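Read the structure below first, then the notes.
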Amino acid sequence: MIKKDKGIAFNLVSRQKLGGLSSSDKLRFILNEVQKGKILVLEQGLTSIEQAKLIQQTMKEIEEDTFIGIEMDGYGEDKPSFIQRVFGIMKRPRMTVIGPAHLLKTVHKDNDMIETMIIPGKGVQ
Amino acid sequence: MGLFGKGSFASIIQRIFGKRHAKIGIYGPPNVGKTTLANRILRDWTGDIMGSVSEVPHETRRAKWKRNVRVENGHSSLMMDIVDTPGIATKVDYKEFMNTFGLSKDEAKQRAKEATEGVIESIRWLEDIDGVVLVMAATQDLFTQVNVTILGNLEARNLPVLIAANKIDAEDASPATLKSAFPQHPVVPISALTGYNAENLYSTMVTHFSKRRKKKRR
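Chains U and R, in that order, give the protein sequences.
As numbered in my numbering, residues 300 to 424 make up the first sequence, in order.
As numbered in my numbering, residues 322 to 539 make up the second sequence, in order.
As structure tokens, this is what we get:
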């Protein structure tokens, strides 16, 4: 596992940052950051298809003692109204938190609240 | 006997317009009872079983399938290929197999490696199925990201999904919460272990998966 001398980094990633990347570049960026031990809060998360690809990619990159996977939680996609669909506005992903599974744990999630915690003993070294 | 033989109007409609054959995936996170449910379905309709079950997560690490399982609902029926998929997870830690379930280090590492391959295979199967029975444990948190991701993928592909709220016989099960959590999909409380409410599941499978839909390719 990656040890942090100065605590754990939380990065808030803007919609524009991810929106400017292709789907595969987006997943690569996220996995690279998470493998460095960072927790990302994405202003606009991933589509469900991208999430499934991220899970697949994560499984390919699991390393026994250094990377056990990710913790990911976000709200369901925004469903556009009929008028919005007429103007071509499709489902949009919403805010999502992603971090390394050895650091981040989801405590509770419902439609209005995602409660996460840093796993005790994994914070400031 | 009429033109279509004995049967209700609904079964006649299904014979004319409905699907005759569908490939149905049994999906869900690890340890919610997917293989127990697959075994229940096969035992009830073919006398066979799909695979072994265990309290250790990721017991099913390769997709298994059984072709041509005819499930009946009154006078209508649907021929299904049942695919029992490995549990989908976002993390796999071999140490959990050692510390919680007492596996040796080598066994745990091997199980973890196969489990990661199983997750990849499960997601790949989404490309090739016609409908999903999404198994959730009525005793656990429903809004896990795995559940949300699977449901989102199925909706994006316009695949029919039926939620099997399993382990309904457990003391801490809350089927009412499950029904209200996903109002857009049929939810059937069931105990795959005891067979409780299996008949209701089968009739819902036949009616729900018989409907023709235009599948979206990704």
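Yeah, the Cβ is synthetic: ideal placement off N, Cα and C, and Gly gets one too.
Predicted, not measured: the structure shown is a model, and the values here were computed from it.
Residue i in three-state terms, based on DSSP
i, result
"A343 (chain R)", "strand"
"E363 (chain U)", "coil"
"Q334 (chain U)", "helix"
"Y348 (chain R)", "strand"
"L324 (chain R)", "With a pLDDT of 44 at L324 (chain R), under the threshold of 50, the predicted position of this residue should be treated as unreliable, and no value is reported."
"E370 (chain U)", "strand"
"D414 (chain R)", "coil"
"G318 (chain U)", "helix"
"H407 (chain U)", "strand"
"V353 (chain R)", "coil"
"T395 (chain U)", "strand"
"E376 (chain U)", "coil"
"E342 (chain U)", "coil"
"I301 (chain U)", "The predicted model places I301 (chain U) with a pLDDT of 49, which falls under 50 and marks its position as unreliable, so this point remains unresolved."
"T525 (chain R)", "helix"
"T367 (chain R)", "coil"
"G422 (chain U)", "With a pLDDT of only 49 at G422 (chain U), under 50, the local geometry of the prediction cannot be trusted, and the value read off the model is given with reservation. In this structure, G422 (chain U) counts as coil in the three-state DSSP scheme."
"M358 (chain U)", "helix"
"L358 (chain R)", "helix"
"L402 (chain U)", "coil"
"I417 (chain U)", "strand"
Proximity winner among the options, relative to residue i (alpha-carbon distances)
i, options, result
"S397 (chain R)", "R:D414, R:R341 and R:R382", "R:R341"
"E362 (chain U)", "R:F530, R:S375 and R:D414", "R:D414"
"G318 (chain U)", "U:I417, U:Y374, U:G368 and U:P392", "U:P392"
"E376 (chain U)", "U:S322, U:S347 and U:L311", "U:S347"
"D402 (chain R)", "R:D462, R:K387 and R:V469", "R:K387"
"K385 (chain R)", "R:R432, R:G372, R:G395 and R:M419", "R:G372"
"N410 (chain U)", "U:E332, U:K404, U:T395 and U:T365", "U:T395"
"G473 (chain R)", "R:A494, R:Q505 and R:G423", "R:Q505"
"Y374 (chain U)", "U:L311, U:F366, U:G344 and U:T365", "U:G344"
"L455 (chain R)", "R:I511, R:P378 and R:R391", "R:I511"
"L363 (chain R)", "R:V377, R:Y523, R:T528 and R:K532", "R:Y523"
"T515 (chain R)", "R:I345, R:G354, R:G346 and R:K426", "R:G354"
"L463 (chain R)", "R:K500, R:L480 and R:A433", "R:K500"
"L330 (chain U)", "U:I413, U:A400 and U:E342", "U:A400"
"N432 (chain U)", "U:V333, U:S323, U:R327 and U:D324", "The requested residue 432 (chain U) does not occur in the structure, where chain U is confined to residues 300 to 424."
"E344 (chain R)", "R:T381, R:P351 and R:V392", "Looking at the sequence shown, residue 344 (chain R) is not Glu but Lys. For K344 (chain R), the nearest C-alpha among the options comes from R:V392."
"E417 (chain R)", "R:E376, R:S495 and R:G395", "R:E376"
"I425 (chain U)", "U:L403, U:T415, U:H407 and U:L326", "Absent from the model: residue 425 (chain U). The displayed extent of chain U is 300 to 424, so no value can be given."
"F366 (chain U)", "U:K352, U:D372, U:A351 and U:L402", "U:L402"
May I have a chain-ordered list of the alpha helix (DSSP H) segments no shorter than 4 residues that lie completely inside the segment 446 to 515 of chain R?
466 to 477 and 496 to 502
Decide if the segment 404 to 414 of chain R is in contact with the segment 439 to 449 of chain R; the criterion is three or more beta carbon pairs, one per stretch, under 8 angstroms apart.
yes
Using a Cβ-Cβ cut-off of less than 8 angstroms, give me the residues of the segment 361 to 379 of chain U that come near chain R, in sequence order.
I361, E363, I367, G368, I369, E370, M371, D372, G373, G375 and E376
In the segment 473 to 484 of chain R, which residues sit with their C-beta less than 8 angstroms from some C-beta in chain U, listed in chain order?
G473, N474, E476 and A477
Completely contained alpha helix (DSSP H) runs for the segment 373 to 429 of chain R, where each covers 4 or more residues
415 to 420
Validate contact between the segment 489 to 496 of chain R and the segment 351 to 367 of chain R using beta carbons, cut 8 angstroms, 3 pairs
no
Contact residues within the segment 445 to 459 of chain R, judged by C-beta distance below 9 angstroms to chain U
R445 and L447
Output, in sequence order along the chain, the residues in the segment 405 to 420 of chain U whose CB is closer than 8 angstroms to any CB in chain R.
T405, H407, K408, D409 and N410
By the 7 angstroms beta-carbon criterion, what residues does the segment 323 to 352 of chain U contribute toward chain R?
S347, I348, Q350 and A351
Touch check for the segment 441 to 457 of chain R and the segment 315 to 331 of chain U: three-plus C-beta pairs under 8 angstroms?
no
For the segment 396 to 406 of chain U against the segment 325 to 339 of chain U, do three or more pairs of beta-carbon atoms, one drawn from each stretch, fall closer than 8 angstroms, so that the two count as touching?
yes
Contact residues within the segment 420 to 442 of chain R, judged by C-beta distance below 8 angstroms to chain U:
K430, A433, T437, E438, V440 and I441
Residues in the segment 305 to 322 of chain U having any Cβ partner in chain R nearer than 8 angstroms:
none
May I ask you to list, following chain order, the residues of the segment 371 to 405 of chain R that have a beta carbon less than 8 angstroms from some beta carbon of chain U?
none
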